[in-house]
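A.B. asks: Take 8 as the starting number for the sequence shown in the working numbering and just add one per residue.
Just so it is clear, CB atoms sit at the ideal spot from N, CA and C, and this is done for glycine as well.
Nothing here was measured: the structure is a model prediction, and the numbers come from that model.
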Amino acid sequence: MSATTVNAPVPVEKGASLWRDAAYRLAKNRAATISLVVLTIIFIACLVLPFFPSLIPDPNLQELAGKNTPPSAEHIFGTDHLGRDIFSRVLYGGRITIAVGLITTSVSVTLGVLWGAIAGYVRGYVDDFMMRIVDILYALPFLVIVILLGKTIEPWTTTLTNDTVRLIVGEGASVMDENATRTWVEPITTLVPLFIAIGALSWLTVSRIVRSQVRNVASQDFVEASRSLGLGHFTILFKHILPNSLGPIIVYTTLTIPSIMLFEATLSFLGLGVKPPNSSWGILISEGADRMSANFWLLFFPSLFFATTLFALNFLGDGLRDALDPKSSKD
Numbered sequence: 008m009s010a011t012t013v014n015a016p017v018p019v020e021k022g023a024s025l026w027r028d029a030a031y032r033l034a035k036n037r038a039a040t041i042s043l044v045v046l047t048i049i050f051i052a053c054l055v056l057p058f059f060p061s062l063i064p065d066p067n068l069q070e071l072a073g074k075n076t077p078p079s080a081e082h083i084f085g086t087d088h089l090g091r092d093i094f095s096r097v098l099y100g101g102r103i104t105i106a107v108g109l110i111t112t113s114v115s116v117t118l119g120v121l122w123g124a125i126a127g128y129v130r131g132y133v134d135d136f137m138m139r140i141v142d143i144l145y146a147l148p149f150l151v152i153v154i155l156l157g158k159t160i161e162p163w164t165t166t167l168t169n170d171t172v173r174l175i176v177g178e179g180a181s182v183m184d185e186n187a188t189r190t191w192v193e194p195i196t197t198l199v200p201l202f203i204a205i206g207a208l209s210w211l212t213v214s215r216i217v218r219s220q221v222r223n224v225a226s227q228d229f230v231e232a233s234r235s236l237g238l239g240h241f242t243i244l245f246k247h248i249l250p251n252s253l254g255p256i257i258v259y260t261t262l263t264i265p266s267i268m269l270f271e272a273t274l275s276f277l278g279l280g281v282k283p284p285n286s287s288w289g290i291l292i293s294e295g296a297d298r299m300s301a302n303f304w305l306l307f308f309p310s311l312f313f314a315t316t317l318f319a320l321n322f323l324g325d326g327l328r329d330a331l332d333p334k335s336s337k338d
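#1: Taking the C-alpha atoms as reference points, what is the distance between residue 327 and residue 44?
#2: Rounded to the nearest angstrom, how far is the Cβ of residue 53 from that of residue 102, given a contact under 8 Å?
#3: Spell out the partners DSSP gives residue 86 in its beta bridges.
#4: Count the other C-beta atoms from every protein chain shown that fall within 10 angstroms of the C-beta of residue 128, then say buried if there are 16 or more, exposed otherwise.
#5: Can you tell me which of the three DSSP states residue 158 falls into?
#6: Assuming residue 66 and residue 275 form a contact by the criterion Cβ under 8 Å, report the distance between their Cβ atoms to the nearest whole angstrom.
#7: When the distance is taken between beta carbons, is residue 108 closer than 8 Å to residue 264?
#8: Going by DSSP in three states, residue 81 sits in which element: helix, strand or coil?
#9: In the DSSP assignment, find the alpha helix (DSSP H) that holds residue 281 and state where it starts and stops.
#10: Got a sec? Which residues, its chain only, sit under 6 Å from residue 115 by beta carbon, not counting five neighbours each side?
#11: Residue 246: which of 233, 256, 27 sits nearest, CA to CA?
#12: For a quick check, are the C-beta atoms of residue 168 and residue 193 less than 8 Å apart?
#13: In terms of alpha-carbon separation, which member of 51, 198, 71 lies closest to residue 282?
#14: In chain order, what residues of the same chain have a beta carbon less than 6 Å from the beta carbon of residue 111, not counting five sequence neighbours either side?
#15: Once the 5 residues before and after residue 222 are set aside, which same chain residues still bring their CB inside 7 Å of it?
#16: Restricting to Cα atoms, I'd like to know which of 249, 196, 148 is closest to residue 170.
#17: At the level of alpha carbons, what is the spacing between residue 337 and residue 28?
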């Protein structure tokens, strides 16, 4: 009786998910990786340090005896014409600029994804009607509409500020506690009109991107299989189609944040953004531009933080675009 040769089982290579492949390709992109590290440092410095007053001075504290001081050990970014510490003002201003970018982009992307997904999935007359509305809004002067809409909503911000402060500190809080809370609440609540105005009109491009992606994904075989299994339209759209369209949405989001931050800086430069004595990077750049011939540091440091953040976001967006491209190779 001949011996039977038993073949050893062939090892099966474990498949990698799209997100694991994307993370691998992103890690190999040196510019995107460095940008992510830089953004993390800037975000931590601007969003965390201002909540520890013992670490940095009050950005609105005026010391006229030390005005127009160049960078030194005591004031590493120098002081302005009122003796205020520029390092502290850059961090506090960055908190507002970053908040505008993140919150407004969230509003914009949410509206755009919902609008574009419904239009691309339903198609027909609904699609035509929804996209004609987008075309009409595209034809409107964006800057003028944002300014008018912001001014219309602005009277409500005082009530919003008072209600927010009472909600945080409670009814029996002292005046000192209320004032301390108002110091960091008011800069954010006064920007709510800006959040709404920019976010309500900056979703148009993302709606077109999502519509195109949804139309492409909806024509694939797995969507037809989902329909044949009796799944509802809501489940198919939000659990099967949109998750397969997240790549372009994520990339567009990272590229939208710097554009909105730049737009907020433009409005602040024109005096239509953050109200004094609070600051944003746009206001600091505006103030520095007026005095750059005498005190260069007033313009240099805010511009450095702002430009670095914009460059890093764009490099990260480019890296994510390449990493999430299914045609890219892992090699």
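C.D. replies: Checking against the coordinates, here is how it stands:
#1: 14 Å
#2: For residue 53 against residue 102, the beta-carbon gap comes to about 5 Å, under 8 Å, which counts as contact.
#3: 92
#4: buried
#5: helix
#6: Wrong, their Cβ atoms sit about 15 Å apart, outside the cutoff.
#7: yes
#8: coil
#9: Note, residue 281: premise wrong, no alpha helix (DSSP H); not H, not E.
#10: 206, 209, 210
#11: 233
#12: yes
#13: Closest by alpha carbon: 198.
#14: 202, 205, 206, 267
#15: 127
#16: 196
#17: Because the pLDDT of residue 337 is 46, which lies under 50, any placement of that residue in the model is unreliable, and the number read from its coordinates should be weighed accordingly. Distance between the alpha carbons of residue 337 and residue 28: 7 Å.
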